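K.L.:
Counting in the numbering used here, the sequence shown runs from 7 upward without gaps.
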Amino acid sequence: MLKEIKSRKFANGIVYALKTEDDFPLEVTDTFLPYYTKDAIGKKQNKLASYEIGSRDERWMIGVSCMSGCPVRCKFCATGQLKKYRNLTALEIVEQVQFILDKNPNYDPKNSQEFKINYTRMGEPFLNIEEVKKAIKIIDEMYPNVHHYISTIGVKDSDFSFIKDNITLQISLHSLDENKRNWLIPFVRKLTIEELGQIRTKSNLKITINLTLVDTDDFDIEKLNKYFDKDYFFIKLSPINENAVSDGNNLGKGIIEGVNLV
7 MLKEIKSRKF ANGIVYALKT EDDFPLEVTD TFLPYYTKDA IGKKQNKLAS YEIGSRDERW
67 MIGVSCMSGC PVRCKFCATG QLKKYRNLTA LEIVEQVQFI LDKNPNYDPK NSQEFKINYT
127 RMGEPFLNIE EVKKAIKIID EMYPNVHHYI STIGVKDSDF SFIKDNITLQ ISLHSLDENK
187 RNWLIPFVRK LTIEELGQIR TKSNLKITIN LTLVDTDDFD IEKLNKYFDK DYFFIKLSPI
247 NENAVSDGNN LGKGIIEGVN LV
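#1: Consult DSSP for N266 and reduce its assignment to one of helix, strand or coil.
#2: Which residues does DSSP list as the beta-bridge partners of A269?
#3: Tell me where the alpha helix (DSSP H) around V70 begins and ends.
#4: May I have the straight-line CA-CA distance separating D108 from S118, to the nearest angstrom?
#5: For the alpha helix (DSSP H) containing E147, list its first residue and its last residue.
#6: Skipping 5 residues on each side, what residues in its chain have a beta carbon closer than 8 angstroms to that of I145?
#7: Evaluate W66 with the Cβ neighbour count: other Cβ atoms within 10 Å of its Cβ, from every protein chain shown; 16 or more gives buried, anything less gives exposed.
#8: Just tell me which of P40, G69, I159 and L175 has its CA closest to the CA of D63.
#9: Three or more C-beta pairs under 8 angstroms: does that hold for the region 189 to 197 against the region 78 to 89?
#10: Check whether the region 166 to 186 and the region 213 to 226 touch, using three or more Cβ-Cβ pairs below 8 angstroms as the test.
#11: Which parts of the region 79 to 135 are runs of the beta strand (DSSP E), unbroken and 3 residues or longer, counting only runs that do not cross its ends?
#12: Per the DSSP calculation, N216 is bridged to which residue(s)?
#13: What's the gap between the Cα of L23 and the Cα of D253?
As structure tokens, then:
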């Protein structure tokens, strides 16, 4: 059983700090947005049209951890403060989803216009991919309308063949300069920028390229056009969520302003 340690509310949801039975920490998020924000590609922007932030009946998103801690140690990620890490079991991943559902008994995800599980909190999913795939299968059986959104740095030798239908891939790119990206994501066994651009999936949606830009040198439109075909990739620019790790690496707020609604 997961144990709740603390929580923090923000405009469109809550983030919870939990612990496993053997005292490994993890976090899970419960967020929501208006349904129209799903059409970011068609609208060519992802800003809220007003201060109305929607409800869980529209876009309901649960962000789960795949690991407690993380060996990747991205220069802007607070998870890097944890000295230990371990893979979570499929049941521990599913339990995070159930934890959020139990917190919201007045909402049924089967009635949501979009019900989405984001594998975007602690850990690199492809370093624990067999348990992630087991969790996806369990959740699919419980909630047939679910959409799975898996975020990865692009671990070498990963098998992306299971990314299809209601499963979508996000790639954490963060810089189009190879050396800068290697500094931001100091994990040796990852695909190069060119190799990332060769990934293809059979998902209902395009692959998301996530860029948390530290400075203007991280963005290169020529490389973006060269490696990431717009027929297969969608570009998302994200702000830095400031924390002790990002501050310690003097990353500041980055160049993308705005509130991250997850």
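We put the beta carbon where it would ideally sit given N, CA and C, even for glycine.
For clarity, every value in this text was computed on a predicted model and none was experimentally measured.
P.N.:
So, from the listed chains and residues:
#1: Taking the sequence shown and counting its residues from 1, one reaches residue 266 at position 260. Note that N266 scores 40 on pLDDT, short of 50, meaning its location in the model is unreliable and no value can be drawn from it.
#2: An answer regarding residue 269 cannot be provided, because it is not within the stretch 7 to 268 covered by the chain.
#3: Taking the first residue of the sequence shown as 1, we reach residue 70 at position 64. Run containing V70: none; DSSP gives neither H nor E here.
#4: What you label residue 108 is simply residue 102 of the sequence shown in a count that begins at 1. What you label residue 118 is simply residue 112 of the sequence shown in a count that begins at 1. Cα to Cα, the separation comes out at about 16 angstroms.
#5: By 1-based counting over the sequence shown, the position of residue 147 is 141. Start and end: I135 to M148.
#6: Within the sequence shown, the letter at position 139 stands for residue 145. Here the set comprises V100, V103, I123, V152 and H154.
#7: Within the sequence shown, numbered from 1, the residue matching residue 66 stands at position 60. Buried, because 16 or more other Cβ atoms sit within 10 Å of the Cβ of W66.
#8: Against the sequence shown, residue 63 aligns to sequence position 57. Checked all of P40, G69, I159 and L175; the closest Cα to D63 is P40.
#9: Taking a cut-off of 8 angstroms for Cβ pairs, the region 189 to 197 and the region 78 to 89 touch, as three or more such pairs fall below it.
#10: A contact exists between the region 166 to 186 and the region 213 to 226.
#11: 120 to 125
#12: Against the sequence shown, residue 216 aligns to sequence position 210. DSSP, once it has assigned bridges, lists S178 and K242 as partnering N216.
#13: Here residue 23 refers to the residue found at position 17 when the sequence shown is read from its first residue. Here residue 253 refers to the residue found at position 247 when the sequence shown is read from its first residue. Note on identity: in this sequence residue 23 is Ala, with Leu being the wrong assignment. Each residue's alpha carbon lies about 21 angstroms from the other.
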